[in-house]
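Written below as structure tokens is the structure these notes are about.
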Amino acid sequence: TAVALTSALPIIQKLEPQIAVANSYACMGLDKVEEKLPILYQPTGKVVANAVDAVVGAKDAVTTTVTGAKDTVTHTLSDVVDKTKGVVLDSVELTKYAVHGSINTVLQSRMVCLVTIGVDTALSKSETLVDQYLPHTTEELEKEATNMEGFETGDQKLSYYVRLGSLSSKVRARAYQQALSAFRDAKLRSQETISQLNYTVNLMEYARKNMTNANVKLQGAQQK
Numbered sequence: 019t020a021v022a023l024t025s026a027l028p029i030i031q032k033l034e035p036q037i038a039v040a041n042s043y044a045c046m047g048l049d050k051v052e053e054k055l056p057i058l059y060q061p062t063g064k065v066v067a068n069a070v071d072a073v074v075g076a077k078d079a080v081t082t083t084v085t086g087a088k089d090t091v092t093h094t095l096s097d098v099v100d101k102t103k104g105v106v107l108d109s110v111e112l113t114k115y116a117v118h119g120s121i122n123t124v125l126q127s128r129m130v131c132l133v134t135i136g137v138d139t140a141l142s143k144s145e146t147l148v149d150q151y152l153p154h155t156t157e158e159l160e161k162e163a164t165n166m167e168g169f170e171t172g173d174q175k176l177s178y179y180v181r182l183g184s185l186s187s188k189v190r191a192r193a194y195q196q197a198l199s200a201f202r203d204a205k206l207r208s209q210e211t212i213s214q215l216n217y218t219v220n221l222m223e224y225a226r227k228n229m230t231n232a233n234v235k236l237q238g239a240q241q242k
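Set out below in structure tokens:
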């Protein structure tokens, strides 16, 4: 008996609202029965005379009451089912939207991460090539030494826009300095070449004069 009661308890709890509604309508039906069968206040003869009509009226009243209660319970259950379905569907849609949004967020985050890594790699490679083929100028070395004096170097990275702008300015400045240095070297070499050429010309002129003097002396000696 206890097992049966325990098994039936959840069902009874679920049907408790519907049972309460049916009980309410049943009570209303009994009130109507008392109105249709006022036998407690009527003489016996009158009760017998009106018995058939009272029973028929009570039957109709009970039938109407039970039918109304059935319709009410059915309508209530339908509303509950519809609302439950609506809540479930809304929850499913909300869950799908949340999952879809989370997936998009993850994909976008991964794409941003890949792009960031690619940009960082390209900038680092470009900076290395610039330092390799366009060495630091004297002004840059002096400026870096001044900025680093008394401060510890940190690991904080500059933004990509700052690094890109710095790289562009660095390439222009170093290319100009390298071209200017090459021009100065070429000018210096040209001056050295001209100096050597002048020295050679002077030497040749000196040799020519000496040869002329020697020929004059030789001719004078022969004439004597």
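Those letters in the sequence shown? Residues 19 to 242, by my numbering. All residues carry an ideal CB built from backbone N, CA and C; glycine is no exception.
Check	Outcome
Please say whether E145 and L185 have beta carbons closer to each other than 8 Å?	yes
Please determine, among P153, T139, D138, V180, the residue with the shortest C-alpha to C-alpha distance to A197.	P153
Would you identify the three-state DSSP class for E223, choosing helix, strand or coil?	helix
In whole angstroms, what is the alpha-carbon distance linking N228 and R202?	39 Å
Distance, Cα to Cα, E223 vs Q195?	41 Å
Less than 8 Å between C-beta atoms, sequence neighbours within five positions excluded: which residues of the same chain meet that for L141?	Y178, R181, L182, L185
When you compare only the Cα positions, how much space is there between Q237 and S199?	56 Å
What's the C-alpha gap between Y217 and T211?	10 Å
Kindly indicate which three-state DSSP category T230 falls into: helix, strand or coil?	helix
Using the C-alpha atoms, what's the distance from L159 back to V219?	44 Å
Whose C-beta lies closer than 8 Å to the C-beta of V189 among residues of the same chain, with five residues either side of it excluded?	V148, L152
Considering Cα atoms alone, identify which of A225, T164, A193, K161 is closest to Q150.	A193
Contact check, T155 vs A191 under 8 Å by CB: the rounded distance?	7 Å
Specify the secondary structure class of L206 as computed by DSSP and reduced to three states.	helix
Rounded to whole angstroms, what is the Cα-Cα separation between K235 and L206?	43 Å
If you run the structure through DSSP and keep just helix, strand and coil, what is L152?	coil
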